[in-house]
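Protein sequences, first through last, are from chains A, B, C, D, E and F.
Under the working numbering, the letters of the first sequence match residues 417 to 552, in that order.
Under the working numbering, the letters of the second sequence match residues 417 to 552, in that order.
Under the working numbering, the letters of the third sequence match residues 417 to 552, in that order.
Under the working numbering, the letters of the fourth sequence match residues 417 to 552, in that order.
Under the working numbering, the letters of the fifth sequence match residues 417 to 552, in that order.
Under the working numbering, the letters of the sixth sequence match residues 417 to 552, in that order.
Below is one structure, written out as structure tokens, with a few remarks after it.
There are 6 protein chains.
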Amino acid sequence: MIYLTRRERFSAAHRMFRQDWSDEQNREIFGKCSNPNWHGHNYDLFVTIRGEISEEHGFIMNISTLRDIIIEKIISRIDHKNINLEVDFMKGKIATTENLAIAIWNELREPVLKAGAQLHCVRIEETENNSIEYYG
Amino acid sequence: MIYLTRRERFSAAHRMFRQDWSDEQNREIFGKCSNPNWHGHNYDLFVTIRGEISEEHGFIMNISTLRDIIIEKIISRIDHKNINLEVDFMKGKIATTENLAIAIWNELREPVLKAGAQLHCVRIEETENNSIEYYG
Amino acid sequence: MIYLTRRERFSAAHRMFRQDWSDEQNREIFGKCSNPNWHGHNYDLFVTIRGEISEEHGFIMNISTLRDIIIEKIISRIDHKNINLEVDFMKGKIATTENLAIAIWNELREPVLKAGAQLHCVRIEETENNSIEYYG
Amino acid sequence: MIYLTRRERFSAAHRMFRQDWSDEQNREIFGKCSNPNWHGHNYDLFVTIRGEISEEHGFIMNISTLRDIIIEKIISRIDHKNINLEVDFMKGKIATTENLAIAIWNELREPVLKAGAQLHCVRIEETENNSIEYYG
Amino acid sequence: MIYLTRRERFSAAHRMFRQDWSDEQNREIFGKCSNPNWHGHNYDLFVTIRGEISEEHGFIMNISTLRDIIIEKIISRIDHKNINLEVDFMKGKIATTENLAIAIWNELREPVLKAGAQLHCVRIEETENNSIEYYG
Amino acid sequence: MIYLTRRERFSAAHRMFRQDWSDEQNREIFGKCSNPNWHGHNYDLFVTIRGEISEEHGFIMNISTLRDIIIEKIISRIDHKNINLEVDFMKGKIATTENLAIAIWNELREPVLKAGAQLHCVRIEETENNSIEYYG
Chain A
417 MIYLTRRERF
427 SAAHRMFRQD
437 WSDEQNREIF
447 GKCSNPNWHG
457 HNYDLFVTIR
467 GEISEEHGFI
477 MNISTLRDII
487 IEKIISRIDH
497 KNINLEVDFM
507 KGKIATTENL
517 AIAIWNELRE
527 PVLKAGAQLH
537 CVRIEETENN
547 SIEYYG
Chain B
417 MIYLTRRERF
427 SAAHRMFRQD
437 WSDEQNREIF
447 GKCSNPNWHG
457 HNYDLFVTIR
467 GEISEEHGFI
477 MNISTLRDII
487 IEKIISRIDH
497 KNINLEVDFM
507 KGKIATTENL
517 AIAIWNELRE
527 PVLKAGAQLH
537 CVRIEETENN
547 SIEYYG
Chain C
417 MIYLTRRERF
427 SAAHRMFRQD
437 WSDEQNREIF
447 GKCSNPNWHG
457 HNYDLFVTIR
467 GEISEEHGFI
477 MNISTLRDII
487 IEKIISRIDH
497 KNINLEVDFM
507 KGKIATTENL
517 AIAIWNELRE
527 PVLKAGAQLH
537 CVRIEETENN
547 SIEYYG
Chain D
417 MIYLTRRERF
427 SAAHRMFRQD
437 WSDEQNREIF
447 GKCSNPNWHG
457 HNYDLFVTIR
467 GEISEEHGFI
477 MNISTLRDII
487 IEKIISRIDH
497 KNINLEVDFM
507 KGKIATTENL
517 AIAIWNELRE
527 PVLKAGAQLH
537 CVRIEETENN
547 SIEYYG
Chain E
417 MIYLTRRERF
427 SAAHRMFRQD
437 WSDEQNREIF
447 GKCSNPNWHG
457 HNYDLFVTIR
467 GEISEEHGFI
477 MNISTLRDII
487 IEKIISRIDH
497 KNINLEVDFM
507 KGKIATTENL
517 AIAIWNELRE
527 PVLKAGAQLH
537 CVRIEETENN
547 SIEYYG
Chain F
417 MIYLTRRERF
427 SAAHRMFRQD
437 WSDEQNREIF
447 GKCSNPNWHG
457 HNYDLFVTIR
467 GEISEEHGFI
477 MNISTLRDII
487 IEKIISRIDH
497 KNINLEVDFM
507 KGKIATTENL
517 AIAIWNELRE
527 PVLKAGAQLH
537 CVRIEETENN
547 SIEYYG
């Protein structure tokens with residue numbers, strides 16, 4: 417078993433809030449992150465897959481295959497977008513990094529499997545101080 | 417003459433567009449950065465001041481004074497905000513990093529002067545690949 | 417299960433040595449790190465907690481709660497201090513990064529538990545080349 | 417159990433290819449990485465060991481011992497070298513980062529054991545976007 | 417006047433040597449960097465342009481225009497290549513970072529001018545410790 | 417004219433204070449940085465030299481020459497030391513980063529000149545947020 421990690425980046429707007437709460441309730445729980453006019457981040461997304469090394473090629477998966485999967489399934493749908501309004505795999509979810517990591521996991525699990533490896537970890541760095549890891 | 421640089425960070429939403437242009441025109445010029453639903457970034461702001469070293473203290477300016485000026489004049493007004501809608505010193509300007517750097521310069525020049533030094537440079541890193549410097 | 421990591425930073429002086437050894441013995445084992453006049457570092461502290469996502473809020477723990485715990489329990493007691501002389505949770509211990517990681521773990525375990533999650537990992541980067549991880 | 421990680425760096429040339437394939441076949445699978453005239457990278461090598469803390473010294477292993485092992489066994493043999501042509505522990509292997517991580521593991525396992533700890537992980541960052549981890 | 421910097425990256429092999437010197441002479445002057453079997457680096461290229469802000473668009477130059485120029489004129493010709501053997505704008509020159517910075521300057525000066533700005537600085541980071549700046 | 421920058425790192429303890437002031441006065445001006453029991457940092461030192469490119473070698477100065485000068489004149493005298501007590505070129509000076517940058521400049525100017533180039537800039541990053549530049 418060996419592990420391969422690919423980083424891709426995206427920039428997006430979001431707001432942490434519940435529609436069934438008032439702005440005051442949202443501000444109390446989510447603080448400045450609930451700003452109704454949105455704010456945003458540069459997100460660093462680290463996708464780790466695991467698998468056996470192919471004797472024929474010497475790698476788990478061609479890194480360009482992994483990159484293409486991440487770009488098609490995630491980056492093209494979230495980069496320079498509003499996570500709350502425009503990202504279908506986040507519809508109906510509170511736009512926390514925790515929920516985002518799980519949603520990205522769910523989008524990537526099957527395509528990675530089809531390409532011959534197993535998804536191991538989705539890690540998102542929202543800022544240099546805050547990050548989330550999800551292992552399924 | 418010696419130079420002191422302080423970094424502060426903020427996360428904000430923005431959109432590059434002109435109100436007197438159609439969405440199509442905006443998209444043609446500003447591309448994905450003109451998304452009407454906003455996107456956002458983690459911005460790194462580097463403020464450089466210059467001055468003589470005080471013989472009494474051995475520094476140009478107390479770094480905590482510089483930090484307080486940047487936080488009061490910039491960070492508290494832009495962090496977790498929408499640059500187009502909520503940042504008064506950007507009102508009426510296209511929300512490019514170039515215009516942002518100049519606007520921040522204009523906010524900081526006098527307070528730095530009053531505190532005994534000269535503003536030398538405002539540098540903004542919008543992403544790890546793109547940055548702007550302004551020297552007045 | 418999902419994992420949330422918060423980074424906080426502190427700068428401190430320390431010295432690696434045993435009081436029951438001579439300066440020569442200390443120098444032999446700890447090298448330049450045993451300098452009797454101290455040296456110091458910028459430490460990067462990464463605290464990882466794990467837990468279930470609250471359906472109500474969409475997060476494991478409010479990141480500001482985690483930040484407040486780390487600042488109250490660790491940063492306020494060690495930042496700009498001498499680890500050997502002034503940090504009570506390091507009293508009587510050799511000031512290695514290994515011992516520091518365990519001591520920080522012991523300070524954080526209960527407060528994290530009370531706040532509704534489990535402490536998963538304490539990681540300390542002493543320099544860009546050297547780091548320690550402790551999982552309890 | 418506690419974990420200690422040491423980073424060392426090396427710069428090397430390599431080419432991903434199989435000698436029993438034509439240049440066209442190699443290019444089809446390995447893309448630009450199969451360039452017959454070589455290309456190269458700055459590699460960041462992170463070696464993690466695990467062990468008990470010595471009560472006498474307060475550490476798992478003297479970090480300078482670990483550094484010396486990595487430099488003697490790996491860096492001195494690969495830095496500013498051609499991985500395909502000059503690195504004996506890569507002879508006969510496709511020069512992927514996966515194979516490199518396993519080969520480095522095999523070189524380090526025994527020396528780390530002799531020095532009183534266990535090798536836990538070999539991680540190689542080939543670029544800021546691509547990395548490999550191997551745990552034996 | 418305002419300054420815009422774009423970073424692009426490339427990985428390449430090279431060797432520092434003079435053909436009219438023996439291997440011994442080359443080794444004496446260039447040390448391990450003269451290895452006849454090549455070595456390589458991940459290079460970070462920072463291109464800074466300067467200009468007036470267009471009142472119409474709020475920027476000096478569309479960052480995607482600058483990116484396209486750098487990719488067409490430099491990255492596509494040097495990434496995953498051998499600098500000594502395959503990069504035409506380095507033909508006949510010793511493959512030092514100094515010469516590389518000047519050669520890149522010469523390739524970029526006119527296209528940047530045609531696009532409406534002035535080339536200000538070419539900076540190359542060969543490793544995290546070594547970098548070169550050229551201002552024409 | 418071309419510019420070459422070399423980074424070297426050192427870890428040291430210091431305290432910002434004046435001996436002719438009381439602890440209270442020192443605390444009032446220098447805050448937590450005046451802690452009588454010291455604190456410390458990982459300092460990143462960037463030394464920039466400028467010169468003509470030697471036609472014979474293709475560089476301004478052999479980077480290993482510059483590295484050796486910095487290590488001999490600065491790093492060997494300050495790394496893992498107490499800046500106030502043990503660094504002769506800081507004797508009698510308040511241990512601010514400003515004074516440190518000037519003192520390092522004075523130590524490096526002549527050796528760089530003798531080696532055939534001109535010292536251009538000494539930059540010190542005390543933390544990721546605070547840095548000083550001195551140009552003589």
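Every residue, glycine too, gets a C-beta built ideally from N, C-alpha and C.
Is T464(C) a contact residue of the ligand NAP, with contact defined as CB to any heavy atom under 6 Å?
You won't find the ligand NAP in this model; it holds no ligand whatsoever.
For a contact defined as C-beta to C-beta under 8 Å, what are the partners of K497(A) on chain B?
Residue numbering aside, residue 497(A) sits at position 81 when the first sequence is read from its first letter. The contacting residues are N451, N453, H455.
Rounded C-alpha distance that separates I540(F) from I518(B)
Within the sixth sequence, numbered from 1, the residue matching residue 540(F) stands at position 124. Within the second sequence, numbered from 1, the residue matching residue 518(B) stands at position 102. Their backbone Cα atoms lie some 26 Å apart in a straight line.
Limits of the beta strand (DSSP E) - the one that R407(C) falls within
Any answer about residue 407(C) is impossible in this case: the structure gives chain C only from 417 up to 552.
In terms of DSSP beta bridges, what is E424(C) paired with?
Here the question's residue 424(C) lines up with position 8 in the third sequence. Answer is L461(C), bridged to E424(C).
For L420(F), decide whether its Cβ has a neighbour in chain E, counting only Cβ atoms nearer than 7 Å.
In the sixth sequence, the residue the question calls residue 420(F) occupies position 4. So yes, L420(F) belongs to the interface.
Please confirm if I479(C) has its CB atom under 7 Å from at least one CB of chain A.
Numbered from 1 along the third sequence, position 63 holds the residue referred to as residue 479(C). True, the Cβ-Cβ gap to chain A drops below 7 Å.
In the DSSP assignment, the beta strand (DSSP E) including I540(D) goes from what residue to what residue?
Position 124 of the fourth sequence, counted from the start, is the residue given in the question as residue 540(D). That run of the beta strand (DSSP E) goes 534-541.
Pull up the distance between the alpha-carbon of K497(D) and that of M432(E), whole angstroms please.
Here residue 497(D) refers to the residue found at position 81 when the fourth sequence is read from its first residue. Here residue 432(E) refers to the residue found at position 16 when the fifth sequence is read from its first residue. Distance between the alpha carbons of K497(D) and M432(E) is about 13 Å.
By DSSP's criteria, N429(B) is part of a beta bridge. Which residues make up the other side?
Within the second sequence, residue 429(B) is the residue found at index 13, counting from 1. Inspection of the sequence shows that residue 429(B) is occupied by Ala rather than by Asn. DSSP, once it has assigned bridges, lists G456(B), N498(B) as partnering A429(B).
Less than 7 Å between the C-beta atoms of F475(A) and E472(D), yes or no?
For the purposes of this step, residue 475(A) is identified with residue 59 of the first sequence, where counting begins at 1. For the purposes of this step, residue 472(D) is identified with residue 56 of the fourth sequence, where counting begins at 1. Cβ atoms of F475(A) and E472(D): not closer than 7 Å.
For a test of the three-state rule: what should DSSP assign to N515(A), helix, strand or coil?
Within the first sequence, the letter at position 99 stands for residue 515(A). Annotated three-state conformation of N515(A) is helix, per DSSP.
Which residues in chain A have a C-beta closer than 8 Å to the C-beta of K448(B)? List them in chain order.
Position 32 of the second sequence, counted from the first residue, corresponds to residue 448(B). Within chain A, the residues near K448(B) are D495, H496.
Does the beta carbon of F505(A) sit closer than 7 Å to a beta carbon anywhere in chain D?
Here residue 505(A) refers to the residue found at position 89 of the first sequence. Chain D places no beta carbon closer than 7 Å to that of F505(A), leaving this residue out of the contacts.
Taking the straight line between their C-alpha atoms, what separation do you get for I465(D) and V538(C)?
Indexing the fourth sequence from 1 puts residue 465(D) at position 49. Indexing the third sequence from 1 puts residue 538(C) at position 122. Rounded to whole angstroms, I465(D) to V538(C) spans 16 Å at the Cα level.
Which value, in whole angstroms, describes the spacing of the CA atoms of K509(F) and I499(F)?
Numbered from 1 along the sixth sequence, position 93 holds the residue referred to as residue 509(F). Numbered from 1 along the sixth sequence, position 83 holds the residue referred to as residue 499(F). Distance from the CA atom of K509(F) to the CA atom of I499(F), rounded to whole angstroms, is 10 Å.
In terms of residues, what are the limits of the beta strand (DSSP E) holding S547(F)?
Stepping through the sixth sequence from its first residue, residue 547(F) is reached at position 131. Here the beta strand (DSSP E) through S547(F) covers 546-550.
Chain D residues whose Cβ lies nearer than 9 Å to that of N515(C):
Looking up residue 515(C) in the third sequence gives position 99. In chain order: I469, G474, F475.
Can you give the Cα-Cα distance for L501(C) and H430(C), rounded to whole angstroms?
In the third sequence, counting from the first residue as 1, residue 501(C) sits at position 85. In the third sequence, counting from the first residue as 1, residue 430(C) sits at position 14. A direct Cα-Cα distance of roughly 8 Å separates L501(C) from H430(C).
Would you check if the distance between the CB atom of L461(F) and the CB atom of E424(F) is smaller than 7 Å?
The residue given as residue 461(F) occupies position 45 in the sixth sequence. The residue given as residue 424(F) occupies position 8 in the sixth sequence. Yes, these two residues count as a Cβ contact at 7 Å.
Counting C-beta neighbours from all protein chains within 10 Å, is the total for G552(F) 16 or more, i.e. buried, or is it exposed?
By 1-based counting over the sixth sequence, the position of residue 552(F) is 136. So G552(F) ends up on the exposed side.
Name the residue from L420(D), I445(D), H457(D) whose alpha carbon lies nearest to the alpha carbon of F426(E).
One-based indexing of the fifth sequence puts residue 426(E) at position 10. Nearest neighbour of F426(E) by Cα position, chosen from L420(D), I445(D), H457(D), turns out to be H457(D).
Count the other C-beta atoms from every protein chain shown that fall within 10 angstroms of the C-beta of E549(D), then say buried if there are 16 or more, exposed otherwise.
Start at 1 with the first residue of the fourth sequence, and residue 549(D) comes out as number 133. E549(D) comes out buried.
Leaving aside the five residues before and after A511(A) along the sequence, list all residues of the same chain whose C-beta is less than 7 Å from its C-beta, in chain order.
By one-based count along the first sequence, residue 511(A) stands at place 95. For A511(A), where only same-chain residues beyond five positions count, the Cβ hits under 7 Å are H430, R431, M432, I499, N500.
Cβ-based contacts, 8 Å cut-off: residues of the region 536-549 of chain D near chain A
Near chain A, meaning a CB-to-CB distance below 8 Å, the residues of the region 536-549 of chain D are E544, N545, N546, S547, I548, E549.
Let me know the secondary structure DSSP gives I487(E) once reduced to three states.
Residue 487(E) sits at position 71 when you count from the first residue of the fifth sequence. Residue state, collapsed to three classes: helix.
Cβ shell of P452(C) (< 8 Å), same chain only, five flanking positions each side left out
One-based indexing of the third sequence puts residue 452(C) at position 36. Once the five neighbours on either side are set aside, the close Cβ partners of P452(C) are R431, F433, D439.
Looking at C-alpha atoms only, which residue of P527(D), N442(D), I520(D) is the closest neighbour of N478(A)?
Counting from one through the first sequence, the residue named residue 478(A) turns up at place 62. Comparing C-alpha distances from N478(A) to each of P527(D), N442(D), I520(D) shows the shortest one belongs to N442(D).
If we ignore side chains and look at the alpha-carbon of each, how far apart do R545(E) and D504(E) end up?
Your numbering for residue 545(E) matches position 129 in the fifth sequence. Your numbering for residue 504(E) matches position 88 in the fifth sequence. Before going on, a small fix: residue 545(E) reads as Asn here, not Arg. When only Cα atoms are considered, N545(E) and D504(E) end up about 27 Å apart.
Residue-level contact to chain E via CB, R423(F), 7 Å cutoff
If you number the sixth sequence from 1, residue 423(F) lands on position 7. True, the Cβ-Cβ gap to chain E drops below 7 Å.
Which partner residues of I418(D) appear in the DSSP bridge assignment?
Within the fourth sequence, numbered from 1, the residue matching residue 418(D) stands at position 2. Partner(s): Y550(C), G467(D).
Interface residues of chain B around K489(F) at Cβ under 8 Å?
For the purposes of this step, residue 489(F) is taken as the residue at position 73 of the sixth sequence. Simply none; closest approach about 20 Å.
For the region 426-450 of chain B, which residues have a CB atom closer than 8 Å to at least one CB atom of chain A, in sequence order?
Look at the region 426-450 of chain B: the residues with a C-beta under 8 Å from a C-beta of chain A are S427, A428, A429, H430, K448, C449.
Per-residue DSSP class, three states only, for G508(B)
For the purposes of this step, residue 508(B) is taken as residue 92 along the second sequence, with counting starting at 1. Residue state, collapsed to three classes: coil.
Is it the case that the Cβ atoms of W454(A) and W454(B) are separated by a distance below 7 Å?
Here residue 454(A) is taken as the residue at index 38 of the first sequence, counted from 1. Here residue 454(B) is taken as the residue at index 38 of the second sequence, counted from 1. Going by C-beta atoms, W454(A) is nearer than 7 Å to W454(B).
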